[in-house]
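Reviewing the structure listed below.
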Amino acid sequence: MAWTERILRVDLTSGTIAAEPLNLEWAQDYLGQRGLATRYLVDEVDPACDALGPDNKLIMATGPLTGTVASTGGRYSVITKSPLTGAVACSNSGGFIGAEMKNAGWDMIIFEGRAPSPVYLYVENDEAALLPAQALWGQSVWATDELLHRKHQDPQLRIAAVGRSAEAGCLYACIINDLHRAAGRSGVGTVMASKNLKAVAVRGTRGVGNIKDFPRFMKVTAEQKQVLAENAVTGEGLPTYGTQVLMNVINEVGALPTRNARDVQFEDAEKISGEAMHEPRKSDGKPNLTTNAACFGCTIACGRISTIDQGHFTVKNKPEYWGNSGGLEYEAAWAMGSDTGVGDLDAVTYVNFVCKEDGYDPITFGATVAAAMELYEMGAIDDEITGGLELKFGSADALARAAELVASGEGFGKDLGLGSKRLCEKYGHPELSMTVKGQEFPAYDPRGIQGMGLGYATSNRGACHLRGYTVSSEILGIPEKTDPLVSEGKAALVKAFQDATAAVDSSGLCVFTTFAWTLENIAPQVDAACEGDWSTDRLVEVGERIWNLERDFNLAAGLTGADDSLPKRLLKDAAKTGPAKGKVCELDIMLPEYYELRGWTPDGIVTPSIRERLGLPGQG
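Once you know that position 260 of the sequence shown is 260 in this note's numbering, the rest is easy, because the numbers rise by one and skip nothing.
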């Protein structure tokens, strides 16, 4: 059946832990991970609750293919209500802890309440305990990982933890697992810290053997691994350059948001690209990139492991940063590079290390610094407010110092930890925040990639590229090429990508497989593993059900169709250079068609007919 059929419920307030059976009826409707955990969230959490209050819950969830031999079967998600957006949060992570949870015999862990003092959860197969974490509070993720491994004397223990930024209340704090993999967006780490939960440490030795048709599963997974290996993106581009393969590509098409999205091309993009990571440095002859790396079960290995030049100003007197750690992915390189105007690869790598070390989202961080730089440039904030931090576009020193302040939650770091929406509102210029629903949009400018604009506007977790990655079609021609500058047909494209991605996110597999796979490749793997008949059409329906369930939660939380919008800069200020020169995002054309295709009302409300067809909870 692939599911372990067991949930671990942790009441932090009382300190009690109990096992309970998985709702298999819900599993048939929502599959696992993102979808299934959201179904539990909807059932158990008031959408109007305080995201940082004890009534919110935090769910760590695996998918039915997590921990199996399926390629990329190492994923898990963290689901909660977001403190950054007030919307549903679902942050997906790779690494190894998801597979470890599954090997320990758990489909998900549900945390509720708030511990009276700092604790961490220790899980070893069927056994689980809340242990004191006072000695870990105030420590970074990296230090916490080291201390827990030293305490438990098990090198195979897998740990997810929050850092100092979460403890200080940074609204976009992550949960970091395996040192440099992140459930990264929407402030899930902030919720975890608000519950006085410092870490989750898991060791599982039971294995994952609950497969419906094991011989067929082995056959179909082997066949699909070959598809990945033979694909130019998953077999060549991503292993060689990681997601950073996109930096020069997106810059050339004129869709690289630069200097807080005032521009769409960055003159120094090449200096912080995937190609640049391969080039030997003049100082020591070593490249930024040490090697690539893979998460559990992954045959793509897009992860980056990097080192910084020991003579670089950021680490010259900090030998603790001289070793290898998780290197730049495209989104982080963009946010802390082109969006801030910084073309210094080592500086951006250092800041990425700090983000992982103390657990906060590099996308929101970089975009918030970019907004602060524009505020500083126009005089809305000054040296007195920033504590002497000269926030000028292109300043690698300012970027590095800002990262350190957010990590510690000190000085102007408190303001930066609010995210750009609240920062810009505080200093009188909300129009400078490049956000949707309070979350910063990533590394694709909607003026140059129209479908992404609609995707950002309608994403259930605030601006996000991974909720419907139309770049595959609009830029890379996967599964078929569409014109990125044309808004016609993009509503259908976005809906299709959103529904398919929701299904992939619920399976336990990585969305990067979809550069080579469609749901027609994934459905046979799910069908061989899971009880029931899992066709491509059924996965599409599951994805649509999940999307509407999330939408329902958000509407109940107080969001409306008015929140399905974009910053005025993208709607009114035309691109100044590149292929999209003279264009704005044509959201006004795409959004009404999108609502109609969804079967929603003209103001974006889920209709009774859709609710009935999909069997959403709470109707009637």
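Beta carbons are placed, not taken as given, at the ideal position from N, Cα and C, and that holds for glycine.
Inter-residue Cα distance where the pair is MET108 and SER194: 20 Å
With 16 other Cβ atoms within 10 Å as the buried cut-off, status of GLY620: Reliability fails at GLY620, whose pLDDT of 36 lies under 50, so the model's placement of it is uncertain and no value is given.
Between the CA atoms of LEU130 and SER14 - distance to the nearest angstrom: 11 Å
Own chain partners of GLY387 with C-beta closer than 7 Å, once the 5 adjacent residues on each side are dropped: GLY411 and PHE412
ASN92 - DSSP class collapsed to helix/strand/coil: strand
Cβ-based neighbour list, ASP11, same chain, cut-off 7 Å, excluding 5 preceding and 5 following: GLU112 and GLY113
DSSP beta-bridge partners of LYS81: VAL88
Test item: CB-CB of TRP534 and ALA523 under 7 Å: yes
Complete alpha helix (DSSP H) runs within the segment 114–185 (minimum length 4 residues, chain order): 141–152 and 164–167
Check whether ASN352 and ALA335 have beta carbons under 7 Å apart: no
Distance, ALA115 Cα to GLU5 Cα: 27 Å
For GLN439, three-class secondary structure by DSSP: strand
Residue range of the alpha helix (DSSP H) that includes ASP588: 587–598
Inter-stretch contact at 8 Å, needing at least 3 Cβ pairs: the segment 224–239 / the segment 313–320: no
Limits of the unbroken beta strand (DSSP E) element including ILE7: 6–11
Three-way DSSP call (helix, strand, coil) for GLY620 in this model: With a pLDDT of only 36 at GLY620, under 50, the local geometry of the prediction cannot be trusted, and no value is derived from it.
Under the three-state DSSP convention, the category ASP263 falls into: strand
Cβ distance (whole Å) where ILE305 is taken to contact ASN288 below 8 Å: Not really, about 10 Å apart at Cβ, beyond 8 Å.
Anticipated Cβ contact below 8 Å, VAL191 with CYS174, distance rounded: Not quite, the Cβ-Cβ distance comes to about 11 Å (not below 8 Å), so this is no contact.
Coarse secondary structure for MET434, derived from DSSP in three states: coil
N- and C-terminal bounds of the alpha helix (DSSP H) containing THR234: Premise fails: THR234 is in no alpha helix (DSSP H) and is neither H nor E.
Assigned exposure category for ALA48 - 16 Cβ within 10 Å defines buried: exposed
Contact check, TRP106 vs LEU8, beta carbons under 7 Å: yes
Per-residue DSSP class, three states only, for TYR376: helix
N- and C-terminal bounds of the alpha helix (DSSP H) containing LYS581: It is not in any alpha helix (DSSP H) - LYS581 carries neither H nor E in the DSSP assignment.
Cβ-Cβ distance between CYS530 and ALA2 below 7 Å: yes
For ILE59, the nearest candidate out of GLY204, GLU44, LEU65 and SER71 (CA to CA): GLU44
Three or more C-beta pairs below 8 Å linking the segment 284–304 and the segment 253–268: no
Candidates ARG401, ALA367, LEU493 and ILE478, of which the one nearest LEU432 by Cα: ALA367
Supposed contact pair ASN125 and GLY207 - C-beta distance, whole angstroms, cut 8 Å: Not confirmed; about 10 Å, so no contact.
PHE296 - DSSP class collapsed to helix/strand/coil: coil
Euclidean distance between Cα positions of GLU586 and SER165: 37 Å
Cβ pair count under 8 Å reaching 3, the segment 487–505 against the segment 78–87: no
Member of VAL78, LEU571 and VAL88 whose CA lies at the smallest distance from the CA of GLY184: VAL78
When LEU179, ARG461 and LEU416 are compared against LEU622, the one with the closest alpha-carbon: The first residue shown for the chain is 1 and the last is 620, placing residue 622 beyond what the model contains.
Residue environment, VAL486, which counts as buried when at least 16 other CB atoms sit within 10 Å: exposed
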